[in-house]
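Novice:
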Amino acid sequence: MKLTKKQQDFADYYIELGNAEEAALKAGYSKNYARASAYKLLANVGIKKYIDKKITKMASERIMGAQEILERLTLIAKAEITETVVVASADGYAEVEKPPDFKTQIQAMKELLKRYPDNDRLLEQTLRKLTAEADIAEFKAAMIQSATDKSTEEKLDVLLGKISEVIDDK
């Protein structure tokens with residue numbers, strides 16, 4: 023269904039404003055019609071389709087796709103992209119372009135690795151590390167509860183010995 027110029031203007035203004043009455047007024051409809059019947063324009067199948075099509079197009083232009091995300095992560099990981107940072111100097115403030123720091127680069131690399139199927143080794147190592155940290159935390163809690171009458175130095179000696187055992191076992 024072909025829309026009239028007024029209907030198309032209404033739809034465009036509705037997308038911009040989000041208010042049917044205001045959109046109808048801006049599109050050239052009378053005040054009485056806008057107030058009483060603007061909702062009828064929104065019920066029009068042709069106008070609905072036009073609005074849906076425009077909103078879908080706008081969303082696809084604004085939302086990053088998977089390829090664009092991977093490209094941006096790659097630029098960060100390789101430090102080929104910079105960010106503007108405001109720094110204080112003797113003359114006041116200055117804007118400086120700086121590459122991503124190592125922590126940011128490593129995070130980008132990890133995000134990239136997550137998207138490839140051959141990352142089982144990374145996941146295995148991460149799981150191993152988390153398991154070891156959990157074991158150590160549980161052991162520390164148990165040591166604190168069980169060693170109520172020992173001196174702090176003795177507790178530390180026992181704790182370090184147990185940590186060494188855990189590390190040697192892994």
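If you want my numbering, it's the position in the sequence shown, counting the first as 1, plus 22. Quick reminder that beta carbons are idealized off the backbone N, C-alpha and C, glycines included.
1) Within a Cβ cutoff of 7 Å, which residues of the same chain sit near I98, ignoring the five residues on either side of it in sequence?
2) Using beta-carbon positions only, say whether I77 and I103 come within less than 8 Å of one another.
3) Do I166 and I185 come within 8 Å of each other at the CB atom, strictly closer than that value?
4) Kindly indicate which three-state DSSP category S82 falls into: helix, strand or coil?
5) Go through its chain and collect everything with a Cβ distance to Q29's Cβ below 6 Å, but skip five positions before and after it.
6) To the nearest angstrom, how far is the alpha carbon of K48 from that of F124?
7) Of all the options A65, Y61 and V188, which has the alpha carbon lying nearest to the alpha carbon of K151?
8) Could you please give me the residues that DSSP links to A116 through a beta bridge?
9) Where does the unbroken alpha helix (DSSP H) through I103 begin, and where does it stop?
10) How is L181 classed by DSSP in three states: helix, strand or coil?
11) Relative to the C-alpha of K177, which candidate in A58, D191 and F161 has its C-alpha closest?
12) To which residues of the same chain is L92 closer than 8 Å at the C-beta, ignoring the five residues directly before and after it?
13) Could you have a look at S173 and say whether DSSP puts it in helix, strand or coil?
14) Out of E175, S111 and V107, which has the shortest C-alpha to C-alpha gap to V118?
Specialist: According to the structure shown:
1) Position 76 of the sequence shown holds residue 98. Excluding residues within five positions, the ones whose Cβ falls inside 7 Å are P122, T126, Q127 and A130.
2) Taking the first residue of the sequence shown as position 1, residue 77 is located at position 55. Taking the first residue of the sequence shown as position 1, residue 103 is located at position 81. No. Outside cutoff.
3) One-based indexing of the sequence shown puts residue 185 at position 163. One-based indexing of the sequence shown puts residue 166 at position 144. The answer is no: Cβ separation not under 8 Å.
4) For the purposes of this step, residue 82 is taken as residue 60 along the sequence shown, with counting starting at 1. Helix.
5) Against the sequence shown, residue 29 aligns to sequence position 7. Cβ within range, chain order: I69.
6) Residue 48 sits at position 26 when you count from the first residue of the sequence shown. Residue 124 sits at position 102 when you count from the first residue of the sequence shown. In this structure, the CA atom of K48 is about 53 Å from the CA atom of F124.
7) Start at 1 with the first residue of the sequence shown, and residue 151 comes out as number 129. Closest by C-alpha distance to K151, out of A65, Y61 and V188, is V188.
8) Taking the first residue of the sequence shown as position 1, residue 116 is located at position 94. Beta-bridge partners of A116 (DSSP): V109.
9) Locating residue 103 in the sequence shown gives position 81, where the first residue counts as 1. It is not in any alpha helix (DSSP H) - I103 carries neither H nor E in the DSSP assignment.
10) Your numbering for residue 181 matches position 159 in the sequence shown. Three-state DSSP puts L181 in a helix.
11) Within the sequence shown, residue 177 is the residue found at index 155, counting from 1. If we check each option's Cα against that of K177, F161 comes out closest.
12) Counting from one through the sequence shown, the residue named residue 92 turns up at place 70. Cβ within range, chain order: L134 and R137.
13) Position 151 of the sequence shown, counted from the first residue, corresponds to residue 173. Per DSSP, reduced to three states, the secondary structure at S173 is coil, with no helix or strand assignment.
14) Numbered from its first residue, the sequence shown carries residue 118 at position 96. Of E175, S111 and V107, the residue nearest in Cα terms is V107.
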